[in-house]
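Enquirer: One structure is given below, represented as structure tokens, and several questions about it will come after.
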Amino acid sequence: ARQKLGSFSFENLPLERNDSIWAEFRNPPYSMDLEELSALKNARCTQVQPVGGVVRRRSVFGRMFDFTFGGSGNAATLNAIQSSVARIEHMHTHNMETTASVLEQKIETTTSVLEKRIENTTSVIVNAQIDMNSVEIMSSQSDRAFHHKRFEEEIANNYQCMHHTDSNLMRCVVTNHYHPKRYMSQAAHILALSQRSKLKIIGMHPTEVWNWRNGLCLHREIDKLFEVLDLVFKYDDLTDNFKVQLLYDDMFTTIIPGITKGYLDHTHDTTPATFGDINGQELSLPNGVRPFRRVVLFVAYSAYNLALNNPRPHQVATETSHTIQEWAEMFERSHSVVPTESPLMTSWRTNRDA
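Residue numbers (our numbering): 124 to 477.
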């Protein structure tokens, strides 16, 4: 009888003599006669029952069955389930064909339902874990203030925007001039906080919206235009840098409040500067320190799409736009460049953490 069992484990046989599973061993592939079946029953069913009639070491399926259906943990019930599960698995493993018992049919259905429930529950848990940082970051005003403060500090340190001696001055990465802090957007988001879910489109997590590489230190008037996408920063992979690009024709003659031509060319020229004066201006960034290239590209791509469909005159956008293929190639190239953190930022972070 044991030989006919083959690789089917003796320990997986039912504990109860009257269990309907025993009848299945009269059928192929086991084909036991009555004497063989009786011998197996005698050997298996005289085993010592678990204390109190409760199976102390249950199978995973048994525990799931208990949890899902409020089972009492009855030894005979759980052992029957375990025996049937073992027999089904044995059949599948050895590519055997057999008619499933009524209990086994119910078990297969139950297993399918449980697996689906587990899959759905796991999905919920995983999504909850993924979004946990977002919840923690966005959950309250105080949290947001905390992250914004750190965001400002990391931007200022990474892009080296703080003045060496005057704490009231900050450097704009476009003008490369130190302006009073009251005229600066010390932590300008490249992709706006309200648009953080769109980071998923480019393979990033929404919490990266608070990463310093999603920010720049900009003069407030320049940041205003960037926020409404009247200007963007175009990536130049030949220099691995970004240049200011206006998208609407009327911006070329628009004066930038508070900025003179002398600020841009480091002279004493007090003539008010226009946005046309900064068009094509390369960002002044420390060596090896760059914002997220794909985020800058994504914002630029979105802004171009808006401009090209805007009734406002946009000849400049038409002349400097790209085909879908060219945008795709720029995205690919931007992924191949891995920036390093500036030595100043590394030192600052070490001191802060200490």
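Using N, Cα and C, we set each Cβ at its ideal position, and we do this for glycine too.
If you draw a straight line from the alpha carbon of Ser-444 to that of His-389, how long is it in whole angstroms?
Expert: Locating residue 444 in the sequence shown gives position 321, counting from the first residue. Locating residue 389 in the sequence shown gives position 266, counting from the first residue. Cα-Cα distance, rounded: 31 Å.
Enquirer: Rounded to whole angstroms, what's the CA-CA distance from His-328 to Tyr-301? Just pull it up for me.
Expert: Taking the first residue of the sequence shown as 1, we reach residue 328 at position 205. Taking the first residue of the sequence shown as 1, we reach residue 301 at position 178. Approximately 33 Å between the Cα atoms of the pair.
Enquirer: Can you give the Cα-Cα distance for Ala-310 and Leu-408, rounded to whole angstroms?
Expert: The sequence position of residue 310 within the sequence shown is 187, counting from 1. The sequence position of residue 408 within the sequence shown is 285, counting from 1. About 15 Å.
Enquirer: Thinking Gly-481 and Tyr-306 are a contact (beta carbons under 8 Å), I'd like their distance in whole angstroms, please.
Expert: There is no way to answer for residue 481, as the model of the chain reaches only from 124 to 477.
Enquirer: Have a look at the DSSP bridge pairing and note the partners of Gly-338.
Expert: Locating residue 338 in the sequence shown gives position 215, where the first residue counts as 1. Gly-338 is bridged to His-312.
Enquirer: Would you call Pro-414 buried or exposed, if buried means 16 or more other Cβ atoms sit within 10 Å of its Cβ?
Expert: Position 291 of the sequence shown, counting from 1, holds the residue named residue 414. Pro-414 is buried by the Cβ-count criterion.
Enquirer: Does the beta-carbon of Gln-368 have 16 or more other beta-carbons within 10 angstroms, so that it is buried, or is it exposed?
Expert: As a first step, residue 368 is located in the sequence shown; it is residue number 245 there, counting from the start. When all chains shown are included, Gln-368 counts as buried.
Enquirer: From the DSSP output, in three-state form, read off Asp-359 for me.
Expert: For the purposes of this step, residue 359 is taken as residue 236 along the sequence shown, with counting starting at 1. If DSSP states are grouped into helix, strand and coil, Asp-359 belongs with the strands.
Enquirer: Looking at C-alpha atoms only, which residue of Ala-162, Ile-447, Thr-397, Pro-436 is the closest neighbour of Leu-420?
Expert: Translated into positions along the sequence shown, residue 420 becomes position 297. Here the closest residue by C-alpha is Ile-447.
Enquirer: I need the boundaries of the beta strand (DSSP E) containing Ile-379, first residue and last residue.
Expert: Your numbering for residue 379 matches position 256 in the sequence shown. Residues 378-383.
Enquirer: How far does the alpha helix (DSSP H) with Leu-408 in it reach, from first residue to last?
Expert: To locate residue 408, count along the sequence shown from 1; it is residue 285. That residue, Leu-408, is in no alpha helix (DSSP H); it is neither H nor E in DSSP.
Enquirer: Considering only residues of the same chain and omitting the five flanking positions on each side of Asp-360, which have a CB-CB separation below 6 Å?
Expert: Residue 360 sits at position 237 when you count from the first residue of the sequence shown. Answer for Asp-360: Arg-456, listed in chain order.
Enquirer: Let me know the alpha helix (DSSP H) ranges lying completely inside the region 138-174, each 4 residues or longer, listed in chain order.
Expert: For the region 138-174, whole alpha helix (DSSP H) runs of length 4 or above, ordered along the chain, are 157-168.
Enquirer: Sorted by chain position, which residues of the same chain lie with C-beta nearer than 8 Å to Gln-126's C-beta, five sequence neighbours on each side aside?
Expert: Residue 126 sits at position 3 when you count from the first residue of the sequence shown. None.
Enquirer: Does the beta-carbon of Asp-344 have 16 or more other beta-carbons within 10 angstroms, so that it is buried, or is it exposed?
Expert: By 1-based counting over the sequence shown, the position of residue 344 is 221. For the sequence presented, residue 344 should be read as Glu rather than Asp. Buried is the call here.
Enquirer: Tell me where the beta strand (DSSP E) around Phe-365 begins and ends.
Expert: Locating residue 365 in the sequence shown gives position 242, where the first residue counts as 1. Its beta strand (DSSP E) spans residues 364-369.
Enquirer: Considering only residues of the same chain and omitting the five flanking positions on each side of Tyr-424, which have a CB-CB separation below 6 Å?
Expert: In the sequence shown, counting from the first residue as 1, residue 424 sits at position 301. Excluding sequence neighbours, Tyr-424 sits near Trp-450.
Enquirer: What's the C-alpha gap between Asp-365 and Val-297?
Expert: The residue you call residue 365 lines up with position 242 of the sequence shown. The residue you call residue 297 lines up with position 174 of the sequence shown. For the record, residue 365 in the displayed sequence is Phe; it is not Asp. About 10 Å.
Enquirer: For Cys-284, tell me which candidate among Phe-269, Ala-268, Ser-308, His-270 has the shortest Cα-Cα distance.
Expert: In the sequence shown, the residue the question calls residue 284 occupies position 161. Looking at the Cα atoms, Ser-308 is the closest of the given residues.
Enquirer: What do you get for Val-183, buried or exposed, if any count of 16 or more other CB atoms within 10 angstroms of its CB means buried?
Expert: For this step, residue 183 is matched to residue 60 along the sequence shown. Model confidence at Val-183 stands at a pLDDT of 46, short of 50, so the residue's coordinates are unreliable and nothing is read from them.
Enquirer: Would DSSP call Met-307 helix, strand or coil?
Expert: Within the sequence shown, the letter at position 184 stands for residue 307. Correct three-state label for Met-307: strand.
Enquirer: Using the beta-carbon count (16 or more within 10 Å), is His-286 buried or exposed?
Expert: For the purposes of this step, residue 286 is taken as residue 163 along the sequence shown, with counting starting at 1. When all chains shown are included, His-286 counts as exposed.
Enquirer: How close, in whole Å, do the beta carbons of Ile-325 and Val-422 come, if the pair is a contact with beta carbons under 8 Å?
Expert: Here residue 325 corresponds to residue number 202 of the sequence shown, with the count starting at 1. Here residue 422 corresponds to residue number 299 of the sequence shown, with the count starting at 1. Their Cβ separation, rounded to whole angstroms, is 10 Å, which puts Ile-325 and Val-422 out of contact at 8 Å.
Enquirer: Nearest to Glu-405 by CA position, among Val-355, Gly-129, Leu-160, Ala-124, is which residue?
Expert: On the sequence shown, position 282 is the one that residue 405 refers to. Closest option to Glu-405, Cα to Cα, is Val-355.
Enquirer: On the premise that Thr-393 lies in contact with Thr-377, defined as a C-beta separation below 8 Å, what is that separation, rounded to the nearest angstrom?
Expert: In the sequence shown, the residue the question calls residue 377 occupies position 254. In the sequence shown, the residue the question calls residue 393 occupies position 270. Actually they are not in contact, since the Cβ atoms of Thr-377 and Thr-393 sit about 18 Å apart, beyond 8 Å.
Enquirer: Helix, strand or coil: how does DSSP classify Tyr-424 here?
Expert: By 1-based counting over the sequence shown, the position of residue 424 is 301. Three-state result, Tyr-424: helix.
Enquirer: Does the beta-carbon of Pro-137 have 16 or more other beta-carbons within 10 angstroms, so that it is buried, or is it exposed?
Expert: The sequence position of residue 137 within the sequence shown is 14, counting from 1. By the 10 Å Cβ count, Pro-137 comes out buried.
Enquirer: Once the 5 residues before and after Arg-167 are set aside, which same chain residues still bring their CB inside 6 Å of it?
Expert: Within the sequence shown, the letter at position 44 stands for residue 167. Excluding positions up to five away in sequence, the list reads Leu-136.
Enquirer: Tell me the rounded alpha-carbon separation between Pro-151 and Leu-128.
Expert: On the sequence shown, position 28 is the one that residue 151 refers to. On the sequence shown, position 5 is the one that residue 128 refers to. Their backbone Cα atoms lie some 11 Å apart in a straight line.
Enquirer: Let me know the secondary structure DSSP gives Thr-397 once reduced to three states.
Expert: Position 274 of the sequence shown, counted from the start, is the residue given in the question as residue 397. DSSP places Thr-397 in strand when its eight states are reduced to three.
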